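Q: Note that our numbering numbers the sequence shown so that position 110 is 119, with each residue one more than the last. Beta carbons: idealized from backbone N, C-alpha and C, even for Gly. Here the structure is a predicted model, which means the values were calculated and not measured.
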Amino acid sequence: MNSDKGSSSSATHTESYYRDICILIVDFDPIYLRVASGMLRALTYEDAHRAMEALEMIRDKDLGIDMVLIELHMPDMSGFDLLNEIKRISDLFVLVMSFDRSENVILISLEKGAYFYFTKPLYMEDMSDIWQYVHTRRHQQQRQRLEAEKKEAAAL
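1) Name the DSSP bridge partner or partners of residue 82?
2) Going by C-alpha to C-alpha distance, which of 123, 148 and 150 sits closest to residue 103?
3) Grab me the residues of residue 126's own chain with a C-beta within less than 7 Å of its C-beta, minus the 5 sequence neighbours each way, in chain order.
4) Are there 16 or more other CB atoms within 10 angstroms of the CB of residue 145, so buried, or fewer, so exposed?
5) Could you compute how far the alpha carbon of residue 95 sits from the alpha carbon of residue 61?
6) Please report the distance separating the alpha-carbon of residue 67 from that of residue 135.
7) Rounded to whole angstroms, what is the Cα-Cα separation between residue 159 and residue 70?
8) So, using beta-carbon positions, are residue 31 and residue 98 closer together than 8 Å?
9) The beta strand (DSSP E) spanning residue 40 covers which residue range?
10) Out of 152, 59, 141 and 101, which has the shortest C-alpha to C-alpha gap to residue 81?
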């Protein structure tokens, strides 16, 4: 497990917003872990080499994981099973990456709850805007909290 929690005192508002986003990268290939983490260097990230390790990290709410980027073909668990389990235990956005370009596999990933499917090799253009998924999720959660507070206040 690796963690990059870098910060800069001269960081702009946008940069500090990026640093507040934590992405869990799950891939058994250490080269792709380095590639993906390098592309996400503006964000905080954690990485896992095995699916079971990733699930333990997701259950650890103290890590503050906002999103998970998983390799579809892991040696210790099918990516589809990993995706199902992540969706069962959390409401995190899950993005899938794989060399598998089969439209059927991509469609199954999306139907099982992945928000996006990246085909490897990954490119910087692919990764540069994924922070927007977290922004959208946080905005939705804030709106849901406000609606619940309004309902609670109206019920009093």
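A: In short, the structure shows the following:
1) 87
2) 123
3) 105, 115, 118 and 119
4) exposed
5) 11 Å
6) 23 Å
7) 27 Å
8) no
9) Careful: residue 40 lies outside any beta strand (DSSP E), inside the alpha helix (DSSP H) at 39 to 48.
10) 59
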